[in-house]
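See below for the structure under consideration.
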Ligand SMILES: [Zn+2]
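Numbering (our numbering), first residue to last: 1081 to 1909.
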């Protein structure tokens, strides 16, 4: 799955297989009462193939299914099934008794070998998971989204990644509709006035990768060798997929060479779905996207364009890493996601050399994940998951960003070429099958001759990350490691094997810090720097340096690293507020995007926590940056100008008024400035009707999102309330409601109304985002901001109103809230 783009907004941002029998885990026969039945445990069974015939009644939003499962089972068969009405189960000439219990279908078949036939029916709800209706204009498409555990909402199956099988799908639909699935259409025939579409059999694959889309689609097409690359979208939209199609083509070319294995399917669809919970989903040969992650038009900002390229390249990496070779169980989800994340940036770096994509890797992946990993309530990269709601909640920054950062650290350790050969070895060995992290480390060990398995096991298995402190003692470097905790607490038990890189007197040095403390001797020690280029997943704190100085010309990445650590040290009580402000002021004239953007992000976060106490510094920094950007015309500067302007507009009324006056000619505003202009207009002019009107008139999802963010930015809380009411009335896409709410929560003027609104709407939000994991991520990011000044009330609320599917995020959010409150108290005293 692609990163959840909605919640990144605060910072602007899956050769035809041979049929073969593999031993797999089938669900346990007796489901447990907690509905966690079918997942981790069970008995060994064989499933070979699903032959599914679906009669879809598009207007009635329902379907009837006839399913044949070719399998062998030594005892009664247990299948995963949610929300389906089973009418008959038979096989080998017999009709079987069956029982629907919780989320499973139990078939009293006894020992069975052959084709089990199940007749059933189901409905198509307004949801964001399983099979659902995705409305647009006055109509809709029917689409599916199954990862991690929602294929069971379309067909009874063994819904586990290790249970790979072939799928042969046939759908009967209204004649004017189109259908898209993983493989090309094999045949179309007419039957009783309806169209019967049969798709080619899929390769052997996991259930979560199955896709079905039905509606009126328009397509654009390119070719790569014999592969058809297509963008499919609702009316008039597909033409905005040209850029994504180009990136897809370049990505496939890159991966076929990097992995040394051809793509394999005859076609690949990129499908724009009008309602979609994540950024994208890697269904094999039929990748789905939310529209803002696929389409680029003349009004798209550079940030959107980069986001589209990042998500397309990520999803296409999954076609090998995830789809061809799949994790055995969801505890290794990170392997899919981390790897696809790392590979996506490799493609971007090769395809768009001017984009500084590894810089974006630091801000999007390393930075976000390290922030989350600074809490006690983080989790090890390799997660312990049993139920579907456990799984949904681990699609987070740790699984994507920390995992990718650790893989990058290991690539630096093995060398780029050995890393690639190890990966090729692994994919070749496990294709059309399943594997674990250990299988990958073993492949990397074999090729590189280095002890990757030992280092990785510790980094993957332990929650948190270290801070390495540096002291000079009689000319010797003393390095100490300790787990970094944002709470400022000390936890000395955990020790990591840290591959340390440093510059000593201008020369590169490496060592493995494998214990709590190590002393290193260097002749004539004069200058020093740890973790240059930030390839290591640890923080650095310089303590007593004596006469030794830091390397005189730290790079943009190094400057970014120091700024990035500074706010963590500030919040953890390792740096005073006065020292922090003095440190930040050294960056007023920072010319490089990476560190300047980090300072801007920090000031925006601090503004959400401290409000007016930080306004002067924020105004001074953003004004100074705006002046520096004045004559710059490159894409990155244009993007930065937009970000800086939006932030200045929230802390400077005069600037907001001047900027907001451009809203009269909004159509002509350059794309990267549109968000800022809309925010300035909302702040200075407070005209809800005008923005809401533009929102309802706009056909671009990107534009709608900008306007939503501006409607959350009003200075007048009543107006923010009015915006939030639009979500209640269903006038905002389900996928986008969370963006509005999160933006409102970050607006210091609207905290009270946002908190009140969330309390009253929790059950509606739970229904809207059921099965998606969205609320866990949402609470994690909102609680720390909204809860300032009412910690006890927020804690009490969540202990009295349990949201089990978001518990991890709530716990992490509450922990961060306590840190922020303590910090705010110390500053505002
Ligand atoms: Zn992914």
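A virtual CB, placed ideally from N, CA and C, is assigned to each residue, including glycine.
Please list the terminal residues of the continuous alpha helix (DSSP H) segment that includes residue 1889. Counting along the chain, the unbroken alpha helix (DSSP H) around residue 1889 starts and ends at 1887 to 1908.
Quick one: grab the DSSP three-state call for residue 1546. strand
So residue 1699 packs on residue 1668, CB below 8 angstroms; how close in whole Å? Incorrect: roughly 11 angstroms between the Cβ atoms, too far for contact.
Are there any heavy atoms of ligand 1 lying less than 6 angstroms away from the beta-carbon of residue 1420, as far as the coordinates show? yes
Quick check on residue 1864: buried or exposed, where buried means 16 or more other Cβ atoms within 10 Å of its Cβ? buried
Using 8 angstroms as the cut-off, can you tell me whether the stretch 1260 to 1267 makes contact with the stretch 1288 to 1308, which would need three or more C-beta pairs spanning the two stretches below that distance? yes
For residue 1407, the first and last residue of its enclosing beta strand (DSSP E): 1405 to 1407
Does the contact criterion of 3 or more C-beta pairs under 8 angstroms hold for the stretch 1866 to 1875 versus the stretch 1840 to 1854? no
Should residue 1445 be counted as a contact of ligand 1 given a C-beta to heavy atom distance under 6 angstroms? Checking the Cβ of residue 1445 against ligand 1 gives no.
Could you name the residues of the same chain whose beta carbon sits closer than 6 angstroms to that of residue 1590, not counting the 5 residues immediately before and after it, in chain order? Contacts found: 1581.
According to the Cβ coordinates, are residue 1608 and residue 1584 closer than 7 angstroms? yes
Environment of residue 1889 [buried if 16+ CB atoms lie within 10 Å]: By the C-beta density criterion, residue 1889 is buried, having at least 16 other C-beta atoms within 10 angstroms.
So is residue 1398 buried or exposed if we call it buried at 16+ other beta carbons inside 10 Å? buried
What number of angstroms, rounded off, separates the C-alpha of residue 1896 from the C-alpha of residue 1571? Cα to Cα, the separation comes out at about 17 angstroms.
Can you look up residue 1478 in the DSSP assignment and give me helix, strand or coil? helix
In the DSSP assignment, find the beta strand (DSSP E) that holds residue 1178 and state where it starts and stops. 1178 to 1181
Closest Cα partner of residue 1435 within the set 1256, 1383, 1722, 1337: 1383
Residue 1858 bridges to which residues according to DSSP? Residue pairing by DSSP places residue 1858 opposite no residue, since no beta bridge is assigned to it.
Reduced DSSP secondary structure (H/G/I, E/B, other) of residue 1160: strand
By Cβ distance, which residues of its chain are closer than 6 angstroms to residue 1906, with the 5 residues on each side in sequence left out? none
Tell whether a beta-carbon distance below 7 angstroms holds between residue 1300 and residue 1328. The answer is no: Cβ separation not under 7 angstroms.
Euclidean distance between Cα positions of residue 1188 and residue 1513: 30 angstroms
Quick check: the Cα distance between residue 1190 and residue 1127, rounded to an integer number of angstroms? 16 angstroms
Any heavy atom of ligand 1 closer than 6 angstroms to the CB of residue 1417? yes
How many angstroms separate the CA atom of residue 1457 from the CA atom of residue 1549? 23 angstroms
Simplified DSSP state of residue 1530, which is helix, strand or coil: coil
I'd like to know if residue 1646 contacts chain C, where contact means its C-beta is closer than 7 angstroms to some C-beta of that chain. In summary, chain C is missing from the structure at hand, where a single protein chain is found.
Would you call the CB atoms of residue 1441 and residue 1545 closer than 7 angstroms? no
Excluding five sequence neighbours on each side, which residues of the same chain lie with their C-beta closer than 6 angstroms to the C-beta of residue 1706? 1724
Out of 1390, 1417, 1310, 1279, which one is the CA nearest neighbour of residue 1400? Ranking 1390, 1417, 1310, 1279 by Cα distance to residue 1400 puts 1417 first.
Can you give the beta carbon distance from residue 1282 to residue 1247, rounded, assuming they're within the 8 angstroms contact cut? 5 angstroms
Residue of 1444, 1403, 1146 minimising C-alpha distance to residue 1484: 1444
Would you kindly check if the distance between the Cβ of residue 1789 and the Cβ of residue 1823 is under 7 angstroms? yes
In the DSSP assignment, find the alpha helix (DSSP H) that holds residue 1561 and state where it starts and stops. Not the alpha helix (DSSP H): residue 1561 falls in the beta strand (DSSP E), residues 1556 to 1563.
Determine which residues share a DSSP beta bridge with residue 1633 and list them. DSSP output for residue 1633 lists no bridge partner at all.
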